[in-house]
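Take a look at the structure set out below.
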DNA sequence: ATGGCTATATGTTATAGA
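Numbering (the numbering used here), first residue to last: 282 to 540.
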């Protein structure tokens, strides 16, 4: 089962590039972030025509997440527990049953800039909520994949210019510590389990020729429960997508698991 | 780079992203 995460930065703007990537990469499951669309405005037919089941947790203009799956999506949850007043659409999860059942979460973690400030406080509070929910997911003792745009640069080697990010919410010690707290509950970060060293990125800014200069950061991650990590066969970044026509500023990151 | 670009809304500019 090939599972991918892709922050597409606007579903309408990616109406050509996203289907083109699906046809080439043929993922079984994709979690999408920043669809920037309401549920009603989501072009479901683009994906249903390709054989994908579609579940959307949308929001007008900003945020918004979705799951596409070649297999049926069961037991869909459309919010991160822990704050009923949170109206930002940043979490969706569902179960996909292949050879075994896999719980797949699609998340769009808050950016948090500027830091310090209320947006940074929201980011850290959201991560504390995610830690609680992640522990509950681990307790199920089944394959769980938490995939998405974490908006966290885990280590200096995950940025081409780490010195430029020292005061940024994506690289602040508080953000990285909160990320580690979730990871160390017992998850495996898929890409790092199979690839070492620097130079691997999942985002390049549209500005200042960041792509041409390979000035990127690695912020899109897949965290696997032990039962999922045992099934992992591969983990890669589809870097070439960034060079395509009208690209998102993120590229897909994916795993292959024996499930 | 303190924002050089991009996307959305229903705009003639503001807001957000990372």
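Beta carbons: idealized from backbone N, C-alpha and C, even for Gly.
The structure displayed is predicted, hence computed values, not measured ones.
Whole angstroms are fine: how far does the CA of residue j sit from the CA of residue i?
i, j, result
"residue 358", "residue 463", "20 Å"
"residue 337", "residue 323", "8 Å"
"residue 505", "residue 471", "7 Å"
"residue 318", "residue 342", "6 Å"
"residue 340", "residue 478", "37 Å"
"residue 392", "residue 404", "7 Å"
"residue 528", "residue 497", "15 Å"
So the candidates are the options; which of them puts its Cα closest to the Cα of residue i?
i, options, result
"residue 313", "404, 347 and 504", "347"
"residue 481", "506, 436, 292 and 453", "436"
"residue 308", "333, 414 and 353", "333"
"residue 301", "316, 310 and 327", "327"
"residue 390", "306, 519, 445 and 360", "360"
"residue 518", "350, 493, 473 and 487", "473"
"residue 385", "514, 290 and 355", "355"
"residue 424", "381, 290, 487 and 514", "381"
"residue 407", "459, 538 and 503", "459"
Tell me the DSSP secondary structure of residue i in three-state form.
i, result
"residue 340", "coil"
"residue 444", "helix"
"residue 368", "coil"
"residue 522", "helix"
"residue 550", "For residue 550 there is no data in the structure shown, the boundaries of the chain being 282 and 540."
"residue 434", "coil"
"residue 487", "coil"
Residue j and residue i - do their beta-carbons sit closer together than 8 Å?
i, j, result
"residue 370", "residue 344", "yes"
"residue 311", "residue 294", "no"
"residue 476", "residue 451", "no"
"residue 534", "residue 523", "no"
"residue 421", "residue 388", "no"
What whole-angstrom Cβ distance do residue i and residue j have, given they're in contact under 8 Å?
i, j, result
"residue 331", "residue 396", "No, residue 331 and residue 396 are not in contact; Cβ-Cβ is about 40 Å, not under 8 Å."
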